[in-house]
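Trainee: Read top to bottom, the protein sequences are chains A and B. Once you know that position 21 of the first sequence is 21 in our numbering, the rest is easy, because the numbers rise by one and skip nothing. Just so we're on the same page, our numbering is the position in the second sequence counted from 1, plus 1000.
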Amino acid sequence: MRRLAAVMVVLLLALTAGACGGSDESKSTSSGGSGDITFWTGFTDRELGVMEDVVADFEKTHPNIHVKVVGGISDDKIVAAIRGGNAPDVAHSFDAGAYAGAYCGNGAWIDLADYMKRDGVSEDIFPAVTQTYSKFEGTRCALPMLADAYGLYYNKDMLAKAGLSGPPKTVTELMDYAKKLTVRNADGSLEVVGLDPFNGFYENIAAHWAPQWGLDWTDESGKSILSSTPGWADMLEWQKELIDWYGYDDLVRFQAKAGDEFSPQQAFERGKLAMNLDGEWRVAFIAAEHPELNYGTAPLPVDDAEPDLYGSGYTSGSIIGIPKTSDNQDAAWELLKYLATDTGALAKMANDIRNVPTTSDALQSPDIKPDENFNVFLDIFGNPNTRTTPVTVVGSANQDLVDAFAAKYQAGKVDDLQAGLANLDKAIDAQLAAAGGGQVP
Amino acid sequence: MLAFLSPWIAGFTIFFGYPLVMTAYYSFTHYDLLSAPRWVGLANYRFLFQGDQQVWPAVSNTLWFMAVAVPANALFAFGVALMLSRARRGNGFFRTVFYLPALVPPVAATLGFVYLLNPGTGPVNSLLGALGIQGPLWFDSPQWSKPSLVLLGMWGVGNLMIIFLAALVDVPKHLYESASLDGAGSFQQLRYVTLPTISPVILFAVVIGVIEALQYFTQAYVASTIAAGSAAGATEGANSLGYPLESTLFYPILLYQQGFRYFNMGYASAMAMLLLVVALGVTVLIIRNSRRWVHVAGAAR
């Protein structure tokens, strides 16, 4: 009996020693973490295929981890899943500006500081502007993965036919070109529109145009400064002037048949728009859907009073993080680290999805296939004047309020622009105060 | 006794009592769905009545809709039912045809209508164009977006129509006979015999209609998103609720936006409490007022 007990004890000790030894081993190697994890991403169709490819590469170098990729996810779903307790291990959000504040400020995504310190990942490997939209008030709960930069697409054939050379560089030139490139039908309706700055049309929102006038949204204390910065009124007036020239109703009718933005019927791709504000991903879409289109890309024109800003634009991007409900955070961190920092992975995504890679190394990577149209966006992204929108705890409320106002102004429903902007400032400040949240300067 | 009631008590508590109490509680907190609620007292209510500039457009849109859609639906349902009650041949066929739209799920119906009423490529405007009329911008116009939604509602009024039809065929024939013996024309018969007799159903239609108008969400959400979607951009920053120009921003839509998009669930709960109070008030008003014109057959007066 005693001998049996002794043997049992020895066996038990051996087992525990073995187990302890095993887990120590797995913690000390850099590829800690194993098991099944899920990764939710917003990509669909072709872009989702690329993502799955990249994840497959990850699984090859991390054979202990198996990843299930789910596409077509929106931020609503991520929030609902976190609340319901069945959130993925790694989540990918397209809308950093609107959601980083919520995810980081409320602990919905875990603070990555410890993991980053453990594995020696410094936030300086990411360009400065991407650092600001992936953290909130000092808490870094996400890493940037792929960014978007916005510029001007122009149809070279149409410009040549109208006798215009090169892309426009100032907004005055832009309006001039837009008027010359517009074609009307016999009944007066618009057949081809030079440029459509209608708020809400495709990528035309206030945030995407604001950098061209060098506009900031808030001062250091977080108060909204739209009425005290003359550039905002200038920008809105410029847009309205062009819209009134087309005729508001005619433009709305044109937009109704413009074709869905992410379908092959997109108006620029079909030759119904001569110039368009769009993101760098359009390069891949055109290559896949309308390779015969003869187009060029350039930075968006800037305010005549600020010629030095030329070459900059708006950038924002996707963020990836680990929801707090994940029960395999080690493995999730491995995937996160790979997707956000691995130069090869980012270069592959840059090549096939045509988004901007978000580490300084990846931006210089020789693996990125050269493409003169795409490289313009890399330059815009790297320009020191390129701006993004402030991150808040109220999602996109500040942007939505501005866009709603801009839309009303463009429709001619605002009599006094300056008073309207002052009111807008008040509304934004009230919304932020009501949420009891602060704002990233 | 309590044991017999317990299924109902359980249901009432879980699906009505608990949410009501929690909504009332959340309305005094700041709750962003992702972390614990934080008590803020009356701050949400102060923002609701003084700070939020979108509340007044939302309230006026909902009131407009209530004032227009409720009579429109009731009148249309009554009119169709009246025709059906008089019809001799093909009665069954027409009843089915007029009822069918009510079976279409609201989202699918809205999608269909947005497609039909597309100002540029939709069949309706093409037809109007062939007749020489330039069709309006329907869901893309701030003036026409709410009427388009009213049209959508009228199209799907089958449920109400069947109820009206049942009430109409239930009007005792002898009342019509005695009325016509007294020399009443068909309009007078309608006014003095039909309407009073079916007045309980009219009350029903009005109360149900008002409550639906106060809760109107799905069709407005889908319509504004789709109509904006043909021209709007990626999820990034383009919030198309209320498109165009806040004309379809109804009170429940604003509630949804604040609660789920802006992480302001405490404020959304305060909005919900206000909606409850208003709905209660309106319903009480209607029912009090109804004693004057609703004729309940056989009731002791």
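Cβ atoms here follow ideal geometry from the backbone N, Cα and C, with glycine treated the same way. Just so it is clear, the structure is predicted and the values come from calculations on it, not from any experiment.
Indicate the three-state DSSP secondary structure (helix, strand or coil) for His1174/B in the structure shown.
Mentor: His1174/B falls in the helix class under three-state DSSP.
Trainee: Measuring alpha carbon to alpha carbon, tell me which residue in Leu146/A, Met116/A and Gly317/A is nearest Arg140/A.
Mentor: Of the listed residues, the one whose Cα sits closest to Arg140/A is Met116/A.
Trainee: Return yes when at least one heavy atom of the ligand GDP lies under 7 Å from the C-beta of Val1201/B, else no.
Mentor: Of ligands this structure carries none, so the ligand GDP is not represented either.
Trainee: Taking a cut of 7 Å between CB atoms, which residues from the segment 1146 to 1170 of chain B lie near chain A?
Mentor: Identification of residues in the segment 1146 to 1170 of chain B having a C-beta nearer than 7 Å to some C-beta of chain A yields an empty set.
Trainee: Counting contacts by CB-CB distance shorter than 8 Å, is Ala1228/B in contact with chain A?
Mentor: So, interface residue.
Trainee: Quick check: what's the CA-CA separation for Ile368/A versus Lys348/A?
Mentor: Distance between the alpha carbons of Ile368/A and Lys348/A: 7 Å.
Trainee: Val393/A CB to nearest chain B CB: under 8 Å?
Mentor: yes
Trainee: Which chain A residues are close to Asn1118/B, counting only those with a beta carbon under 7 Å from its beta carbon?
Mentor: Against chain A, the beta carbon of Asn1118/B has neighbours under 7 Å at Ala256, listed in chain order.
Trainee: My understanding is that Thr1194/B touches Ser1224/B, with C-beta atoms under 8 Å, so please give their C-beta distance in whole angstroms.
Mentor: Not quite, the Cβ-Cβ distance comes to about 39 Å (not below 8 Å), so this is no contact.
Trainee: Report the CB separation of Arg46/A from Leu1137/B in whole angstroms; it is logged as a contact under 8 Å.
Mentor: Not really, about 34 Å apart at Cβ, beyond 8 Å.
Trainee: Distance cutoff 8 Å, beta carbons only. Does Arg253/A sit that close to anything in chain B?
Mentor: yes
Trainee: Using a Cβ-Cβ cut-off of less than 9 Å, give me the residues of the segment 1250 to 1263 of chain B that come near chain A, in sequence order.
Mentor: Gln1257, Gln1258, Phe1260, Arg1261, Tyr1262 and Phe1263
Trainee: Ordered along the chain, which non-local residues of its own chain (more than five positions away) have a Cβ less than 7 Å from that of Trp1039/B?
Mentor: Take Trp1039/B, set aside five residues on each side of it, and the residues of its chain with a beta-carbon closer than 7 Å to its own are Phe1028 and Thr1029, in chain order.
Trainee: Compare the Cα-Cα distances from Ile1202/B to each of Ala1058/B, Val1068/B, Phe1078/B and Ala1003/B and report the closest residue.
Mentor: Phe1078/B
Trainee: Beta-carbon separation of Ile73/A and Gly42/A under 8 Å?
Mentor: yes
Trainee: Gln255/A: buried (16+ other C-beta within 10 angstroms of its C-beta) or exposed?
Mentor: Buried, by the Cβ-count rule.
Trainee: Under a Cβ-count criterion, where at least 16 other Cβ atoms within 10 Å of its own Cβ denotes burial, should Ala370/A be classed as buried or exposed?
Mentor: The question names Ala, but residue 370/A in the sequence shown is Pro. Exposed: under 16 other Cβ atoms inside 10 Å.
Trainee: Is there contact here, the segment 305 to 312 of chain A with the segment 381 to 396 of chain A, by at least three beta-carbon pairs under 8 Å?
Mentor: yes
Trainee: Tell me whether the beta-carbon of Ala210/A lies closer than 8 Å to the beta-carbon of Met275/A.
Mentor: no
Trainee: With distances taken from CA atoms, which of Pro1119/B, Ala1167/B and Gly1129/B is nearest Ser1141/B?
Mentor: The candidate whose alpha carbon is nearest that of Ser1141/B is Pro1119/B.
Trainee: Between His66/A, Gly71/A, Ala87/A and Phe201/A, which has its C-alpha nearest Ile243/A's C-alpha?
Mentor: Phe201/A
Trainee: With DSSP run on the structure shown, which of helix, strand or coil describes Ala433/A?
Mentor: helix
Trainee: Please list, in chain order, all residues of the same chain as Asp425/A whose beta carbon is under 6 Å from its beta carbon, the five residues on each side excluded.
Mentor: Within its own chain, the residues whose Cβ lies closer than 6 Å to the Cβ of Asp425/A, once the five positions on either side in sequence are excluded, are Ser224, Leu226 and Ser227, listed in chain order.
Trainee: When we look at the beta-carbon of Thr229/A and count the other beta-carbons within 10 Å, is it buried (16 or more) or exposed?
Mentor: buried
Trainee: What is the rounded straight-line gap between the Cα of Met1022/B and the Cα of Tyr1267/B?
Mentor: 13 Å
Trainee: Can you grab the Cα-Cα spacing for the pair Thr315/A / Val1157/B, in whole Å?
Mentor: 48 Å
Trainee: Assign Asn398/A to buried or exposed, taking buried as 16 or more other Cβ atoms, counted over all protein chains shown, within 10 Å of its Cβ.
Mentor: buried
Trainee: Which value, in whole angstroms, describes the spacing of the CA atoms of Asn423/A and Thr392/A?
Mentor: If I take the Cα positions, the gap works out to 20 Å.
Trainee: Look at the Cβ atom of Leu1190/B, then the Cβ atom of Ala1279/B, and state whether they are nearer than 8 Å.
Mentor: no
Trainee: Does any residue of chain A bring its CB to less than 8 Å from the CB of Tyr1267/B?
Mentor: yes
Trainee: Determine, using beta carbons only, whether Tyr154/A and Ala331/A come nearer to each other than 8 Å.
Mentor: No, Cβ-Cβ distance for Tyr154/A and Ala331/A is not below 8 Å.
Trainee: Which residues, taken in chain order from the segment 76 to 93 of chain A, show a beta carbon closer than 8 Å to some beta carbon of chain B?
Mentor: Asp76, Val79, Ile82 and Arg83
Trainee: Measuring straight from C-alpha to C-alpha, what distance separates Trp217/A and Ala233/A?
Mentor: 13 Å
Trainee: By DSSP's criteria, Lys135/A is part of a beta bridge. Which residues make up the other side?
Mentor: Arg140/A
Trainee: Just to confirm, is the Cβ distance from Ile1211/B to Ala1167/B under 8 Å?
Mentor: no
Trainee: Quick one, are the C-beta atoms of Phe377/A and Ala149/A less than 8 Å apart?
Mentor: Between Phe377/A and Ala149/A, the C-beta gap is smaller than 8 Å, which places the two residues in contact.
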